[in-house]
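Read through the structure below, which is laid out as structure tokens, and then see the notes.
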Amino acid sequence: MAGWRAVVGVGGGIAAYKAAELVRALSQRGIQSTVVMTAAAQEFIRPLTFAALSGRKVITTLFGSTPDEVLASSVEHIAVAREHDILIVAPATADLLGKFANGLADDFLSTLYLAFDRQVLLAPSMNTAMWLHPATQANAAALRARGNVVMEPEAGELACGETGPGRLPEPGRIAEEAHYLLARRHDLDGETVLVTAGPTREPIDPVRFLSNRSSGKMGYALAEAAAWRGARVILVSGPVELEPPLHVELVRVETAREMRDAVLSRLPECSIVIKSAAVADYHVANVPTQKLKKTATRLSLELDPTPDILAECGAEIERAQRGQLLIGFAAETENVVAEARRKLKAKRCHMVVANNVAAEGLGFESDENEVTLVTQAGDVIEVPRASKREIADRILDEALRLRLALYSRS
Ligand SMILES: Cc1cc2nc3c(=O)[nH]c(=O)nc-3n(C[C@H](O)[C@H](O)[C@H](O)COP(=O)(O)O)c2cc1C
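Numbering follows my numbering, in which position 114 of the sequence shown is assigned residue number 114; successive positions increment by one, without gaps.
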């Protein structure tokens, strides 16, 4: 993932200091930054901060102060344009949006913008009235029509004391968007991928529930990986602590019944269905409407099985004959491959991703995983320990390969 280079253009807005956090967030994703500051930006934050964070010279002017510098810098904007993969401007001021939209080039950043022929990501930040002004809106629309990505400012309380849209999106979100723009591929263009993730919660009474240790990390990694490869992604998620990835449609559910209804209602529009959620097997038979009191010395809960969502999907996919691919997960603590094979047949899946959740440091709450892919074509593929995000890409690679194998036969 490493090796990308970004120009981070900093405009003269009150959020200029947040660009420092952006440089760090990019570096954590393996994206190296060269920072360019407008003259106004330097009124808000000093170049030294960015020099220290990026480890590189900060560009502050189009013209140097000596003839030699002028000569060197007269072509620097061209060199910088060629050496970088993405231009990110954060905060993008109303002024910069206007200049970029109209092709004005009176400082380094606006000159660089014209010379830059790769991906441009703009993160506007300004007072709400300035953002909503028809001139700014027209500039943003013109830039989007040109292929630049203009993020929506967030709504909230602004530095000027007013409330409304205009806040700079979180630096982590800007870095995530930049990473997506750099890394995205197109081998899932035209696909709709439904991913289920996280645990379900089955109520015991109005304040208590039965659940499990699933963190949702594997499902969220799958949703992000599919979106970054061009798919339209529907993420049906139980309650988790994770931020949803950008560019996915999030459907929040709580119980197994809600998850079933959400999945089955969206099934017809999906080409690949990946069921990574840890759905409860049982729910409480008769949930009382009032909180249970601590009076009994022993309390028994009567449990009924929850709907078998994977099996229902398998049956429906087989009936509908739309060439959809169904991928299930088997989180086991013993006989992992044998259990995966059993599940593959019983639920009519095309692939089962088996993982041993009893393995040290792996499984539910970990950022890493180690899985075995068992396919309907008879393959057993060991995927060695890697980040859940890397495992997600491997699962999608194998899904595409498997679909080709299964459907080119028939
Ligand atoms: C205290 C202060 C805060 C400002 N904050 C913003 C802002 O958040 N967004 C914006 O578009 N302009 C803001 N401006 C106005 C810009 O600084 C001004 O338009 C400037 O010319 C922008 O220059 P640049 O686009 O070259 O960076 C602010 C001005 C001042 C004095």
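Heads up, the beta-carbon is just placed ideally off N, CA and C, and yes, glycines get one too.
Predicted model only: the values in this text are computed from it and were never measured.
Whole angstroms are fine: how far does the CA of residue j sit from the CA of residue i?
i, j, result
"S410", "R201", "Because the pLDDT at S410 is just 49, under 50, the model does not fix this residue reliably, and the value given afterwards should be weighed accordingly. Taking the straight line from one Cα to the other gives about 40 Å."
"E254", "S366", "22 Å"
"I309", "P153", "39 Å"
"R389", "K293", "44 Å"
"S276", "L97", "42 Å"
"L235", "K99", "39 Å"
"V150", "L301", "53 Å"
"A320", "Q119", "41 Å"
"P134", "T93", "15 Å"
"L252", "T196", "For the sequence presented, residue 252 should be read as Arg rather than Leu. Taking the straight line from one Cα to the other gives about 10 Å."
"V233", "V287", "34 Å"
"L188", "L344", "24 Å"
"N335", "R257", "29 Å"
"M1", "P124", "A caution first: M1 carries a pLDDT of 48, below 50, which makes its placement in the model too unreliable to give a value."
"S265", "L250", "14 Å"
"D281", "L181", "39 Å"
"R184", "T128", "32 Å"
"L299", "A16", "59 Å"
"V10", "G64", "19 Å"
"I86", "A226", "22 Å"
"P171", "A405", "43 Å"
"P169", "N369", "31 Å"
Go to residue i, then tell me how far its alpha helix (DSSP H) extends in each direction, as first and last residue.
i, result
"Y113", "F108 to A115"
"S265", "A256 to R266"
"R144", "P134 to A145"
"Y220", "K217 to W228"
"Y180", "P171 to A183"
"A52", "P47 to S54"
"Q28", "K18 to Q28"
"E316", "I309 to A320"
Can you find the residues in the same chain that come closer than 7 Å, C-beta to C-beta, to residue i, ignoring five residues on each side of it along the sequence?
i, result
"T111", "L62, H77 and A105"
"F108", "V36, I59, T61, L62 and H77"
"V380", "V337, T372 and V374"
"L222", "V195, I274, S276, A392 and I395"
Among residues of its own chain, excluding the 5 on either side of residue i, which ones have a beta-carbon nearer than 8 Å to its beta-carbon?
i, result
"A175", "L22, A25, L26, Q28, R29 and I31"
"G161", "none"
"M130", "A94, T136 and G166"
If residue i sits next to residue j, beta carbons under 8 Å apart, how far is it from one beta carbon to the other, in whole angstroms?
i, j, result
"G13", "M126", "6 Å"
"V337", "T372", "6 Å"
"A101", "L143", "5 Å"
"A262", "S214", "Contact flag wrong, Cβ pair sits at about 17 Å."
"P307", "R260", "4 Å"
"G198", "G238", "4 Å"
"A115", "A81", "4 Å"
Hey, quick one: how far does the beta strand (DSSP E) through residue i stretch, first residue to last?
i, result
"V423", "Only positions 1 to 410 of the chain appear in the structure, and residue 423 is not among them; the question remains open."
"K275", "I272 to K275"
"R208", "R208 to L210"
"D95", "Note, D95: premise wrong, no beta strand (DSSP E); alpha helix (DSSP H) at A94 to N102."
"Q119", "Q119 to P124"
"R167", "T163 to R167"
"H283", "Y282 to V284"
"Q42", "It is not in any beta strand (DSSP E) - Q42 instead sits in the alpha helix (DSSP H) that spans A41 to F44."
Looking only at its own chain, which residues have a Cβ that is under 6 Å from the Cβ of residue i, when we skip the five neighbours before and after it?
i, result
"H179", "R29"
"S54", "V23, S33 and V35"
"N212", "P199 and A278"
"M218", "S276 and K388"
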